[in-house]
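Okay, structure first, notes after.
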Amino acid sequence: MNTLVFHILFGLFVERKFELQMIVYKNPLSPKSNDRWLKNLTFCLENDGESQRKQAELLSKINFHHFFSDNLNHVKENLRLTEEVLKTGYSITSLPNFLIPQTIDLACKYPQETFFCESALNFIYYLCLLNEDFYINYLNDNIINFLISVAQNDESENNVHKSLLILSELISYKKHEVSSKVDGMRLLQVATQILDKCQNNIYKANEKIIEATFLLITNCLISFDYSFDTLNLIGKNIVQSSYPNEKDPNRIWQTSAIFSISHISFWRSEDYFLDYFSSRDTLENLINAISPEFEKLSSYIFCALDNIAFKKDVFALNLITHNPSIFNFYPPENWSVKSKASYYRPLITAIRRTSECRELNQGGELLYYALSTLQEVSQMVIPKIIDVIENQPFKIKKAAIVLLCQLINLNDSKILHTIVVGHINIIDEIIQLLDFKNPKVIYSLIKSIRTLCGFGDNVAMNTGLPNPFLQFILNDEVKSILDKIAETYNDIHEITTSISRFYGEIETYIEHQDIDMPNDEEFEIFI
């Protein structure tokens with residue numbers, strides 16, 4: 001019985017495969033496309049997986065000959081089935097290569113039939129999702145012209161939005177070969193024209209179009225080289241767009257502009273961008289725009305401040321000394337974990353850059369003001385950081401510990417005194433974070449542990465009491481963690497050297513005193 005069932009099913013499969021083969025070869029495909037499509041379809045039919053079965057079922061219903069039919073209902077039904085196949089994860093490159101060109105032709109021939117335009121955009125979008133190596137040969141002027149035409153002229157705001165997103169994805173910084181095939185100046189002009197429409201109230205209320213347009217401008221500036229005059233003009237416009245209009249503040253516009261500032265600052269290091277973005281006026285505007293009422297806007301501002309401070313020492317020092325101070329802000333409880341954690345990023349970067357300026361003796365009078373500011377605000381900020389470490393979710397706690405480490409690594413006696421009093425156990429929190437995967441963060445954590453131990457040794461030498469931090473590091477578990485880090489990052493000289501020196505410092509600290517530990521209160525009386 002089982003054998004009979006098998007032969008019946010096998011016969012049905014062969015018969016169905018032959019029918020599909022005849023359907024395929026009736027279509028105007030190249031032999032290569034036909035063979036590839038049939039091969040993929042056969043694989044689906046032969047595979048037992050549920051996803052492949054669904055793909056095979058859908059593919060068996062598609063008649064690609066109907067793509068060229070005058071019966072628009074037949075065309076639409078086959079387009080709909082094709083989209084359903086793609087939603088299952090089936091690769092668009094495995095479908096006939098006339099699919100996108102023919103759908104674009106239909107959209108142009110029947111502009112009143114919005115379904116064709118939507119289908120063409122969806123197919124191009126699926127193409128963009130593939131690795132650049134796969135779709136680079138499919139991309140041509142016909143596709144680019146169609147996308148630009150939709151962005152400029154289509155009455156459907158949804159289609160305009162989708163075409164802008166596709167253009168942005170096509171020229172993203174990851175896709176160098178595609179960028180070389182596209183006219184960057186033309187795209188930039190298209191984007192600025194659409195921004196003009198937004199300003200003229202055509203798309204004023206459409207958040208998605210405004211965001212997508214700024215994204216396209218951002219990717220253009222990152223991926224293409226333009227003349228100085230063009231960059232000068234666009235840079236000024238972006239900065240001005242980040243300033244809120246007091247009479248009619250458009251937060252969508254402002255948020256999108258700050259998003260552009262953040263990303264351009266990260267990916268481009270040219271002075272003409274950073275000069276605009278790092279000016280005192282821009283800093284003033286960004287800090288004043290931070291508000292607990294606007295979570296998305298504020299989180300973008302934190303990212304922008306972080307990226308600019310990373311590139312510009314002077315900006316980092318100005319960020320610390322600015323009045324009103326960014327340290328006075330505290331993310332509200334109703335913010336997401338991601339937004340709360342983003343608040344710590346510019347603080348971490350600015351303090352780290354201040355520490356580097358101090359080590360290199362750079363920054364002059366501004367460095368002095370920055371250090372003085374940190375000494376003053378530490379008494380207010382450190383208790384908040386400790387509270388976050390003790391009570392907030394891990395992602396926020398992690399960011400707070402890294403911020404605390406940057407303060408410790410300044411190796412300033414006043415700041416260290418504020419940290420140590422009442423918080424000797426904080427070194428244990430830092431030790432627990434040593435399994436972090438980022439080598440730069442690990443180096444900072446080790447450095448802060450060394451700094452605390454060194455500070456404890458100095459106080460102990462002056463008081464005759466043992467170093468209280470040794471009780472946390474003199475155990476096999478900590479040594480095992482440090483040994484594992486040294487082995488994992490044996491090619492990073494800074495980490496291995498820091499650990500090696502730390503072992504030597506521990507031996508010195510042990511020699512300086514008895515290992516009988518005082519209680520925290522007794523130690524704190526002396527410091």
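In this text, residue positions in the sequence shown follow full-length UniProt numbering: the first is 1, and each later residue adds one. Glycine residues also receive a C-beta, built at the ideal position from the N, C-alpha and C atoms. From a predicted model like this one, the values you see are computed outputs, not experimental measurements.
Segment limits, alpha helix (DSSP H) that includes ARG450: 439-463
Evaluate the contact criterion for the region 362-375 versus the region 391-398: three or more CB pairs, one atom per stretch, below 8 angstroms. no
For VAL421, the three-state DSSP class (helix, strand or coil): coil
Around the C-beta of residue 553, are 16 or more other C-beta atoms found within 10 angstroms, so that it is buried, or is it exposed? The structure shown has nothing for residue 553, since the chain only spans 1 to 527.
For chain D, is any of its Cβ atoms less than 7 angstroms away from the one on ILE415? No chain D appears in the structure shown, which is made up of a single protein chain.
Coil, strand or helix - TRP267 by DSSP: helix
Note down, in chain order, each residue of its chain lying with its Cβ closer than 7 angstroms to the Cβ of HIS66, except the 5 sequence neighbours on either side. HIS74, VAL75 and ASN78
Excluding sequence positions up to five away, which residues of its chain have a Cβ less than 8 angstroms from the Cβ of ILE148? SER163, LEU167, ARG186, LEU187 and VAL190
Can you tell me whether SER223 is buried or exposed? The criterion is at least 16 other CB atoms within 10 Å of its CB, across all chains shown. buried
Would you list, in sequence order, the uninterrupted alpha helix (DSSP H) runs of no fewer than 4 residues that lie entirely inside the region 201-225? 207-223
Do CYS405 and SER342 have their C-beta atoms closer together than 7 angstroms? No. Outside cutoff.
Have a look at VAL420 and GLU487 and give me their C-alpha separation to the nearest angstrom. 31 angstroms
Do you know offhand how far ASN27's Cα is from ALA107's? In this prediction, ASN27 scores a pLDDT of 37, lower than 50, which makes its location untrustworthy; the coordinate-derived value is nonetheless stated afterwards. Roughly 20 angstroms separates the two Cα atoms.
Segment contact flag, the region 488-501 with the region 461-468, C-beta cutoff 8 angstroms, min 3 pairs: Note that the region 488-501 does not touch the region 461-468; fewer than 3 beta-carbon pairs, one per stretch, sit closer than 8 angstroms.
Would you mind reading off the limits of the alpha helix (DSSP H) that contains PHE115? 114-128
Buried/exposed call for ASP229, threshold 16 Cβ in 10 Å: exposed
Span of the alpha helix (DSSP H) holding GLY235? From DSSP, the alpha helix (DSSP H) with GLY235 extends over 228-241.
Once you ignore the five residues that flank ILE264 on each side, which residues in its own chain have a CB closer than 8 angstroms to its CB? THR218, LEU221, ILE222, ILE238, PHE273 and PHE277
Measuring CA to CA, which of PHE502, ASP457 and PRO468 is closest to LYS479? PHE502
Assigned secondary structure, VAL314 (DSSP; H/G/I helix, E/B strand, else coil): Helix at VAL314.
Taking 8 angstroms as the threshold, find out whether the region 329-338 comes into contact with the region 354-363 through three or more Cβ pairs. Fewer than three beta-carbon pairs drawn from the region 329-338 and the region 354-363 are found closer than 8 angstroms, and the two stretches are therefore not classed as touching.
Reference CYS117; option with closest CA among GLN254, LYS54 and ASN158: ASN158
Considering Cα atoms alone, identify which of HIS161, ASP196, ILE124 and GLU155 is closest to LEU170. Cα-wise, what sits closest to LEU170 is ILE124.
Would you please state the rounded distance, in angstroms, between the beta carbons of ASP457 and TYR509? I believe it to be under 8 angstroms. 5 angstroms
For the putative contact between ILE401 and ILE389, defined by C-beta atoms under 8 angstroms, what is the C-beta separation to the nearest angstrom? 6 angstroms
Rounded to whole angstroms, what's the CA-CA distance from GLN471 to ILE424? Just pull it up for me. Computed Cα separation, rounded: 11 angstroms.
With a threshold of 16 other CB atoms inside 10 Å of the CB of THR497, please say whether the residue is buried or exposed. Per the 10 Å Cβ criterion, exposed.
Compare the Cα-Cα distances from LYS440 to each of PHE98, ARG352, ASP105 and ILE473 and report the closest residue. ARG352
So the alpha helix (DSSP H) THR497 belongs to, where does it begin and stop? 493-512
May I have the straight-line CA-CA distance separating GLY89 from GLY184, to the nearest angstrom? 31 angstroms
Once the 5 residues before and after ALA289 are set aside, which same chain residues still bring their CB inside 8 angstroms of it? SER242, PRO244, GLN254, ILE258, LEU297, SER298 and ILE301
Considering only the alpha carbon of each residue, which of THR93, ARG345, LYS197 and LEU371 lies closest to LEU416? Checking every option, the nearest Cα to that of LEU416 belongs to LEU371.
Check ASP48 in the structure and name its three-state DSSP category. Model confidence at ASP48 stands at a pLDDT of 46, short of 50, so the residue's coordinates are unreliable and nothing is read from them.
Cβ-based neighbour list, SER172, same chain, cut-off 6 angstroms, excluding 5 preceding and 5 following: ASN219
Helix, strand or coil for GLY184? Go by DSSP, reduced to three states. Taken through DSSP and simplified to helix, strand or coil, GLY184 comes out as helix.
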